[in-house]
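Let me begin by presenting the structure, written as structure tokens, before commenting on it.
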Amino acid sequence: MAFYDKIRNIDRRVIFLLIGLSVALPLIFTIRFPEFPTPMVKQIFGLMEDLPPGAKVLVSFDYDPASEPELQPMATAWMRQLAEKRAKIYIMALWPIGQDMARLSIDALKRDLADKERETGEKVPFEYGVNYVNLGFKSGAQGVINVVLTDFEKMYPTDAAGQALSTIPLMKEARSLKDFDLIVNISAGTPGLKEWIQFGADPAGVRIVGGSTAVQAPLLYPYYPKQLYGLLGGLKPAAEYEKLMGDRYPQYADIQKNKGRIRMGAQAVAHLVIMAFIIIGNITFFIDRRRERSR
Amino acid sequence: MFVKRTLPLWITFVVGTVIILSKLSPKTTGLGEDFTIYFDIIAVFAFILGGGNLVKIHADKLSKMGAGWGYSAVCLIGFFATLFIGLFEIGHPKGWSTDPTASGSAFNFIYDYVFKPLAATMFALLAFYVASASYRAFRAKNLEATVLLVAAFVILLGRTFIGSFVSFWTEPGTGFGIPELAEWIMDYPNRAGQRAIMIGIALGIVSTSLKIILGIDRGYLGSGQE
């Protein structure tokens with residue numbers, strides 16, 4: 051009975067400790083599990099792979115450090131793939147901190163491409179103004195999308211570093227949202243993917259794929275598949291995407307370059323611990339109820 | 076009275092009507108975009124007001140040495156230090172008049188080594204509370220709660236490798252594997268419910284917006300007493 055009472059009234063500090071360990075240990079020891087890409091992940095990967103060289107892709111970083119562990123792996127994977135496909139990348143942000151998240155992705159990509167050149171001798175072009183441009187953050191949420199739908203320069207007279215847009219070669223090819231081949235949005239809330247679908251991709255008639263936190267994903271399913279081509283909802287699909295990237299581009303197969311797959315170990319174990327607690331909670335609930343009825 | 080009530084009502088009516096028309100006629104599209112850019116200008120003043128309000132509240136608390144005044148001191152020091160470093164581009168490798176957030180700047184250092192870890196830590200705490208709350212509240216008390224519990228289990232399992240692992244007995248594509256069941260839950264019951272909610276919200280927004288534009292709902296103007 052004493053054991054049952056302990057389990058029934060488990061101290062919340064024990065729960066916190068177990069959750070802490072279940073997250074920390076898999077990260078410390080890099081425990082990883084196999085990933086089996088789902089059809090939607092394969093579909094998005096296929097779409098990106100089919101992009102012709104020089105395709106114009108707008109990538110909007112609409113999240114902040116709170117969601118970085120969940121969203122940065124998919125952002126990094128997409129940026130790698132776009133660079134490998136020789137796409138022209140246009141970066142912007144509807145969140146103030148999104149600009150810094152974009153910078154993280156750009157810096158990581160530059161390191162990856164330098165590693166690749168050193169290891170294989172193959173140089174992937176990634177020059178500012180020619181292969182990519184960073185427009186930075188603008189406040190106004192869907193208002194920003196409304197304006198760039200017809201005219202980028204009206205909303206962005208300069209890029210993030212203050213350089214006039216008219217002097218950037220890449221911007222001569224994309225005057226409005228309608229000139230793009232694909233929109234990629236990584237978002238953790240509002241403004242985010244929903245706004246990009248409603249005010250950008252749909253009116254412009256441009257395909258959009260998105261990445262969101264797992265919590266936000268159920269809210270975005272109503273747009274799939276007609277208005278939203280595909281969605282990576284949370285860390286799991288991001289890890290699956292990394293698996294596909296590693297299979298297609300071996301230089302990205304190293305586990306240390308796949309933060310999503312490393313973090314999935316922690317998520318899997320934490321999910322198991324939470325499920326164990328739910329089961330224990332329900333067992334004690336049913337035992338208590340039976341006892342009450344028998345009295 | 077004119078400045079506080081009538082003028083804002085007219086501004087709301089004109090801006091709201093033009094923005095609606097900009098979606099219906101190409102002739103008014105440019106005007107709608109101009110109004111959107113004006114929003115940016117207004118937002119700048121909102122940032123100043125927000126900052127001013129933050130300083131006022133915490134300075135009051137600090138001067139009165141109220142409960143938690145230490146937190147207010149930290150908040151104000153952080154606010155002014157970040158503002159000063161960002162405005163004057165302290166430690167910027169390229170000097171004045173460049174992107175204050177560029178790599179190597181002191182502002183960027185604050186972002187990387189103060190803001191980012193703090194924001195991530197705050198969000199990470201959620202995992203602990205979710206686990207604790209799940210243990211205490213997620214009970215199969217009735218039929219609805221049981222359905223919710225089963226759906227949650229399938230989604231939790233489907234979002235890890237364990238879902239695929241325990242589905243070894245089923246052929247992929249048959250729809251009976253845990254990951255496929257999780258996908259089905261998201262695709263059908265979830266999507267149907269979300270769409271119903273979304274349509275309801277959209278109708279509500281249309282009705283509220285019309286009431287504001289036409290001046291029927293004037294709650295946003297305040298009581299007018301102050």
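Protein chains in written order, with this note's numbering: chain U, 51 to 345; chain D, 76 to 301.
Backbone N, C-alpha and C fix where the C-beta goes; we use that ideal spot for every residue, glycine too.
key: Collapsed DSSP secondary structure at isoleucine 69(U) in the structure displayed   = In the three-state reduction of the DSSP assignment, isoleucine 69(U) falls in the helix class, which pools H, G and I.
ask   = If the cut is a Cβ gap below 8 Å, which residues of chain U does threonine 104(D) touch?
value = The contacting residues are Thr200.
ask   = Which residues, taken in chain order from the region 125-155 of chain D, show a beta carbon closer than 9 Å to some beta carbon of chain U?
value = none
query = Taking 9 Å as the CB-CB limit, is serine 284(D) close to chain U?
reply = Closer than 9 Å: no.
inquiry  = Let's test the definition: count the other Cβ atoms within 10 Å of the Cβ of threonine 263(U) and tell me whether it reaches 16, buried, or not, exposed.
reply    = Under this definition threonine 263(U) is a buried residue.
request  = Determine, using beta carbons only, whether glutamine 266(U) comes closer than 9 Å to chain D.
outcome  = no
message = Suppose the cutoff is 7 Å on Cβ atoms and the five residues either side in sequence are ignored; what does the same chain contact list for alanine 326(U) look like?
response = none
inquiry  = In this structure, how does DSSP classify glycine 171(U) when only helix, strand and coil are distinguished?
reply    = coil
task = In the DSSP assignment, find the beta strand (DSSP E) that holds alanine 271(D) and state where it starts and stops.
result = Alanine 271(D) -> not in any beta strand (DSSP E); alpha helix (DSSP H) instead, spanning 266-288.
message = Pull the bridge partners of asparagine 355(U) from the DSSP assignment, please.
response = With chain U running from 51 to 345 in the structure shown, residue 355(U) is simply not present.
key: Residue closest to glycine 126(D), alpha-carbon to alpha-carbon, out of Leu151(D), Val90(D), Gly294(D), Thr245(D)   = Relative to the Cα of glycine 126(D), the nearest Cα in the group Leu151(D), Val90(D), Gly294(D), Thr245(D) belongs to Leu151(D).
Sequence-distant residues of the same chain with beta carbon closer than 6 Å to tyrosine 182(U), five excluded per side = Ile139
Closer than 9 Å to chain B by CB, glutamate 85(U) = Reference to chain B is not applicable here, since the protein chains of this structure are U and D.
ask   = Taking only beta-carbon atoms, is isoleucine 233(U) less than 9 Å away from chain D?
value = no
key: Identified DSSP bridge partners for tyrosine 140(U)   = Leu108(U), Val183(U)
ask   = Is it a yes or a no for the region 106-114 of chain U touching the region 139-155 of chain U, going by three-plus beta-carbon pairs under 8 Å?
value = Yes, the region 106-114 of chain U is in contact with the region 139-155 of chain U.
ask   = Sorry if obvious, but does the Cβ on arginine 293(D) come closer than 8 Å to a heavy atom of the ligand ADP?
value = Looking for the ligand ADP in the displayed structure turns up nothing, as the structure carries no ligands at all.
query = Helix, strand or coil for alanine 346(U) per DSSP?
reply = This structure leaves residue 346(U) out entirely; chain U is present only between 51 and 345.
task = Would you mind sorting threonine 176(D) into buried or exposed? The rule is 16 or more other CB atoms within 10 Å of its CB.
result = buried
query = If you measure beta-carbon to beta-carbon, which residues of the region 318-334 of chain U are closer than 8 Å to chain D?
reply = So the close ones are Ala318, Ala320, His321, Leu322, Val323, Ile324, Met325, Phe327, Ile328, Ile330, Gly331, Asn332.
task = Report the residues of the region 230-259 of chain D with a CB closer than 7 Å to any CB of chain U, ordered along the chain.
result = Contact annotation: in the region 230-259 of chain D, residues whose CB is within less than 7 Å of a CB in chain U are Leu231, Arg234, Thr235, Phe236, Ile237, Ser239, Pro254, Glu258.
task = Would you identify the three-state DSSP class for isoleucine 81(U), choosing helix, strand or coil?
result = In the three-state DSSP reduction, isoleucine 81(U) falls in the coil class, being neither helix nor strand.
Three-state secondary structure (DSSP) of valine 234(U) = Residue state for valine 234(U) is assigned as strand, using DSSP reduced to three classes.
ask   = Using a beta-carbon distance cut-off of less than 9 Å, what residues from the region 206-220 of chain D approach chain U?
value = Ala206, Ser207, Ser209, Tyr210, Arg211, Ala212, Phe213, Arg214, Ala215, Lys216
task = Please decide whether tyrosine 186(D) counts as near chain U, where near means a Cβ-Cβ distance under 9 Å.
result = yes
request  = Find the nearest neighbour of leucine 77(U) within the set Pro119(U), Ile330(U), Arg298(U), judged by alpha-carbon distance.
outcome  = Pro119(U)
task = Decide if serine 344(U) is buried, meaning its Cβ has at least 16 other Cβ atoms within 10 Å, or exposed.
result = It counts as exposed.
key: Distance between beta carbons of methionine 124(U) and tyrosine 291(U), contact taken as under 8 Å   = Indeed they touch by this definition, with Cβ atoms about 6 Å apart.
ask   = Mind pulling the chain U residues with CB within less than 7 Å of threonine 111(D)?
value = Result: Gly190, Gly193, Asn196, Val197.
ask   = Secondary structure at valine 78(D), three-state DSSP: helix, strand or coil?
value = helix
ask   = Since leucine 199(U) and tyrosine 206(U) are thought to touch, with beta carbons under 8 Å apart, how far apart are those beta carbons, to the nearest angstrom?
value = That pair is no contact at about 13 Å.
C-beta neighbour in chain U for leucine 223(D), strict 9 Å = Not closer than 9 Å to any Cβ of chain U, the Cβ of leucine 223(D) fails to qualify, so no.
task = Name, going along the chain, the residues of the region 120-135 of chain U whose beta-carbon falls closer than 8 Å to a beta-carbon of chain D.
result = none
ask   = For alanine 257(D), which residues of its own chain have a beta-carbon under 8 Å away from its beta-carbon, when the five flanking residues on both sides are left out?
value = A distance below 8 Å between beta-carbons, with the five flanking residues on each side excluded, links alanine 257(D) to the following residues of its chain, in chain order: Val229, Ile230, Leu232, Gly233, Arg234, Gly238.
ask   = For alanine 191(U), which of helix, strand or coil comes out of DSSP?
value = coil
inquiry  = With the cut-off set at 9 Å, would you say serine 226(U) and phenylalanine 202(U) are in Cβ contact?
reply    = Cβ atoms of serine 226(U) and phenylalanine 202(U): closer than 9 Å.
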